[in-house]
Every structure is written in structure tokens, then in C-alpha cells.
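Quick note: the sequence shown uses the working numbering, first residue 1072, plus one each step.
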Amino acid sequence: MKIREITLKDLDPEAFIRTQMEALRDTVGEGTAVVALSGGVDSSVVTMLGHRALGSRLKAYFIENGIMRAGEPQAIVAAFKRLGVRVELVDARAQFFRALKGITDPEEKREAITQTFYKTVFGPLVKQSGARFLLQGTNYTDVEETVAGIKRQHNVLAQLGIDTKKVYGYHVLEPVIQLRKTGVRMVGKALGLPKAIYDRPPFPGPALAARVIGAVTPERVTTVRAATRIVEEELSRSGAFQYLAILHEDRVTGIRKGKREFGHQIEVRCWESLDAITGTPTHLSWPVLELLAKRITAEVKGVVSVTYNITPKPPSTIEAV
Ligand code: XMP
1072 MKIREITLKD
1082 LDPEAFIRTQ
1092 MEALRDTVGE
1102 GTAVVALSGG
1112 VDSSVVTMLG
1122 HRALGSRLKA
1132 YFIENGIMRA
1142 GEPQAIVAAF
1152 KRLGVRVELV
1162 DARAQFFRAL
1172 KGITDPEEKR
1182 EAITQTFYKT
1192 VFGPLVKQSG
1202 ARFLLQGTNY
1212 TDVEETVAGI
1222 KRQHNVLAQL
1232 GIDTKKVYGY
1242 HVLEPVIQLR
1252 KTGVRMVGKA
1262 LGLPKAIYDR
1272 PPFPGPALAA
1282 RVIGAVTPER
1292 VTTVRAATRI
1302 VEEELSRSGA
1312 FQYLAILHED
1322 RVTGIRKGKR
1332 EFGHQIEVRC
1342 WESLDAITGT
1352 PTHLSWPVLE
1362 LLAKRITAEV
1372 KGVVSVTYNI
1382 TPKPPSTIEA
1392 V
């Protein structure tokens, strides 16, 4: 890879912040830039760096794509308001569901999300705002996995030979591309972000669409969103690297109140990992697993089966799609 990784041993967060702020000021000049904030660690750090470097010349957008977690768009906008950063919420739910309609192949889903995000949504937004630059939180691991052909991370463009200026009409700036997640967290802390943001478990760009096997419809996203909320409530104290719920494509025969119910299956995953390159399933206790099964089948409409993934990465990956 052409990008030089900055390892933890070489990372001085304060110096990194100074260098990146200068680079942003140099590149953007007197112009303006927009930032795509998803509320994840990487994009939050980039938003704060951009805000510090460019002030009101940075316009922050949160794209409500219909595949975020419960209450997430409003919570992120409110959290950044408290930090003095105004974030505009853009309702793009219809565009994303239209683009995802009828697609079941994982890489095609990722491609549909990428095109909707950069072309359909950000193309006009950047143009309207008069900006020439889009800031985003691509990190070193995103690029590595995409270049290796494992998963096309939604936000990797230049390293795939995509000239964003030509294709989408703007340049993409990636201030944390030399860092892995732990490094990004250290920079977030040094920037004064609250722990709840810089220490957040990772969440993928393709959001809940990465956790729906098969068709991504509003109904199926509602199911996985409800299961995700329960998994996050129950496992946030586990100290694990990441924990998630996946909706399977196949249905299975269940029984409820003495009657047959041909229902959905949710798979729970909980990971121990340092950098998301490899991972092992957390040894959750049996009572915790039982509680998850009990709550998910009782509280999520139509779910009759809950499983726990015990496969490490590799050969599994962290997300299902
Ligand atoms: P996988 O599923 O490839 O995930 O083992 C590795 C880590 O990356 C996150 N992930 C993504 N992050 N865009 C992102 O920004 C993506 O397209 C994407 N896909 C997966 C995943 O949650 C895990 O932390």
C-alpha cells in the first residue's frame, strides 16, 4: 500500500492533530469543505479536526440513510451541538432503500450504498454548498481490507483507482487514513471528544445493511434494529471490541402460545479484537446468552430463534455482509 501507517508506538496525538490541521488549512485554502459525519469514532474525530482547522468554513452533514440504529441520527446531532458543531440532518432514506431494492449480494449492496452516498446524496450537497472537498474518516484498516479484496469498505475510493473529482465532482480528504482504530481513539481523546464518542464500539459505514443477510427492506431493517438495541443494552458492559445482531435470510419453524410460527432468526456476535483484522468470540456466560435469547424472542416481532456465533475471524468476518 502506498499509505504509510502510523503505528501506536510512533503516534504523538498532539503533533498529529497539529499536522492534520495545518494540512487541512493548506489544502482547503480560503474555500469551504463538507464533512460526512456518521457518529462513528473515525468520522467524529475527522469532524472535530475539521471544525478546529476550518471553523465555520466546514459544513457537517449527517445522512439519515434509514439503516442507522434506533435514535442515532438525533443523538449524534445533539452530541455535536453540545461540542459547538452544527450538524445538518439530511433525510435520504428513500434514496438508500430505492438503491438497495432487490439486491441480495453483499458486494452489490456495498456498491449500491457507496454510489448512493457519494453520487446521489453528496454530489448535489457538495455542489450546493460551493465546497470542493469532502472530509471523511477512512482509516488504515478500511483500506487494507478493501485492497486485499476481502470486503469493499464503503468509503475506500482513491485506493481503488477512483478519481472522485471526475466521478463525483469533489476531492475526498482523509485525515486519519494512516491510523488504525486505537490510534484514532487516542486522537479523539486528545481532541477533547467525550469518552462516549472516542471509545464507541466500531459501527460499519453500510450500517445495519451489513447485518441483514438477503434483501434490505425497511421492515427487515426494523427487525435487526430492534435486536441490535437489545444486544447493545446487554453487552455494553462486556468490555468487548464489538457486539452485534444479524438477521438471517432463512426462516425457521417456531412455536408461540402453542401455535406454529414460521419466524426469523437472529444471530448474535460479540468480538474480542485489537484492530478488527482478526477476532475471537467473547466467552459470554450462559446466563447472558439466555437473557439475550429471551429478550430478543419476546421483544422483537417475528423472531423465534437466536444463535451465538462461535467462529473466529478468520474464517468469519466481523459483520455478516
Ligand atoms: P469485517 O466485517 O470486514 O469488519 O471483519 C472489520 C471492521 O470494519 C467494520 N466495517 C466497516 N467500516 N465501512 C466502515 O467504515 C465499511 O464498509 C465496513 N465494513 C465493515 C466492521 O464493523 C469491523 O469493525
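All C-beta atoms in this analysis are idealised placements derived from N, C-alpha and C, irrespective of residue type, glycine included.
Looking at Arg1169 and Arg1296, is the spacing between their C-beta atoms short of 8 Å? No; because the gap between Cβ atoms is not below 8 Å, this pair is not in contact.
Given 8 Å, three or more beta-carbon pairs between the stretch 1229-1240 and the stretch 1095-1102: Touching, no.
Does DSSP put Gln1199 in a helix, in a strand, or in coil? In the three-state scheme derived from DSSP, where H, G and I count as helix and E and B as strand, Gln1199 is classed as helix.
Less than 8 Å between the beta carbons of Val1158 and Phe1167, yes or no? In this structure, the beta-carbon distance from Val1158 to Phe1167 does not fall below 8 Å.
Helix, strand or coil: which one does DSSP assign to Gly1350? Gly1350 falls in the strand class under three-state DSSP.
When we look at the beta-carbon of Ala1347 and count the other beta-carbons within 10 Å, is it buried (16 or more) or exposed? Buried is the call here.
In terms of residues, what are the limits of the beta strand (DSSP E) holding Tyr1241? No beta strand (DSSP E) contains Tyr1241, which DSSP labels as neither H nor E.
Between the stretch 1288-1306 and the stretch 1326-1334, can you find at least three pairs of beta-carbon atoms closer than 8 Å? Touching, no.
Alpha-carbon to alpha-carbon, Gly1201 and Lys1384: Computed Cα separation, rounded: 43 Å.
How should Asp1162 be labelled, buried or exposed, when 16 other C-beta atoms within 10 angstroms of its C-beta is the threshold for buried? By the 10 Å Cβ count, Asp1162 comes out exposed.
Does the beta-carbon distance from Leu1058 to Leu1120 come in below 8 Å? Only positions 1072 to 1392 of the chain appear in this structure, which leaves residue 1058 out of reach.
Buried or exposed: Leu1160, going by 16 or more other Cβ atoms within 10 Å of its Cβ? Exposed, since its Cβ has fewer than 16 Cβ neighbours within 10 Å.
What residue from Gly1126, Thr1185 and Gly1285 has the CA that sits closest to Leu1228's CA? The option with the nearest alpha carbon to Leu1228 is Thr1185.
Bridge-paired residues (DSSP) for Lys1130: Paired residues: Val1105.
According to DSSP, is Lys1328 part of a helix, a strand, or is it coil? DSSP, read as helix, strand or coil, puts Lys1328 in coil.
Can Asp1083 be considered in contact with the ligand XMP, in the sense that its beta carbon sits closer than 7 Å to one or more heavy atoms? The beta carbon of Asp1083 sits no closer than 7 Å to any heavy atom of the ligand XMP.
Exposed or buried, which one is Lys1130 when buried takes at least 16 other CB atoms within 10 Å? By the neighbour-count rule (16 or more Cβ atoms within 10 Å), Lys1130 is buried.
To test your reading of the DSSP string, which unbroken beta strand (DSSP E) runs of 3 or more residues are found completely within the stretch 1152-1219? Taking only runs of at least 3 residues, the beta strand (DSSP E) segments lying wholly in the stretch 1152-1219 are 1158-1162 and 1204-1206.
Pairs of beta-carbons, one from the stretch 1204-1214 and one from the stretch 1106-1116, closer than 8 Å: are there three or more? Taking 8 Å as the limit for Cβ pairs, the verdict is that the stretch 1106-1116 does touch the stretch 1204-1214.
For Pro1378, write down the residues that DSSP places opposite it in a beta bridge. The sequence given here has Thr at residue 1378, not Pro. Partner(s): Glu1338.
With respect to the beta strand (DSSP E) encompassing Gln1313, which residues constitute its N-terminal and C-terminal limits? That run of the beta strand (DSSP E) goes Gln1313 to Leu1318.
Whole-angstrom C-beta distance between Ala1391 and Arg1282, which should lie under 8 Å: That pair is a contact at about 6 Å.
Stretch pair the stretch 1352-1363 + the stretch 1177-1197: three plus CB contacts closer than 8 Å: The stretch 1352-1363 vs the stretch 1177-1197: no contact.
Let me know if Glu1370 comes out buried or exposed under the rule of 16 or more other beta-carbons within 10 Å of its beta-carbon. For Glu1370, the number of other beta carbons within 10 angstroms of its own is below 16, and it is reported as exposed.
Rounded C-beta distance between Gly1137 and Arg1164? I'm assuming under 8 Å. About 3 Å separates the Cβ atoms of Gly1137 and Arg1164, confirming a contact at the 8 Å cut-off.
Thinking just about the alpha-carbon of each residue, which of Gly1259, Pro1358 and Gly1329 is nearest to the one in Leu1306? Ranking the options by Cα distance to Leu1306, first place goes to Pro1358.
Nearest residue (CA-CA) to Phe1087, options Gly1220, Arg1366, Val1117 and Val1375: Measuring C-alpha to C-alpha distances from Phe1087 to each of Gly1220, Arg1366, Val1117 and Val1375 identifies Val1117 as the nearest.
In three-state DSSP terms, what is Phe1333? Looking at Phe1333 - three-state DSSP - the assignment turns out to be strand.
Give a yes or no on whether the C-beta atoms belonging to Ser1309 and Leu1355 are separated by under 8 Å. Yes; because the gap between Cβ atoms is below 8 Å, this pair is in contact.
Measuring CA to CA, which of Ile1248, Ile1326, Arg1366 and Val1339 is closest to Thr1078? In terms of Cα proximity to Thr1078, the closest of Ile1248, Ile1326, Arg1366 and Val1339 is Ile1248.
Going by DSSP in three states, Glu1135 sits in which element: helix, strand or coil? In this structure, DSSP gives Glu1135 an extended state, which the three-state scheme calls strand.
Flag Thr1175 as yes when its Cβ comes closer than 7 Å to any non-hydrogen atom of the ligand XMP, and as no otherwise. No, the ligand XMP has no heavy atom inside 7 Å of this Cβ.
Which of helix, strand or coil DSSP assigns to Val1323: Collapsing the DSSP output to three states places Val1323 in a strand.
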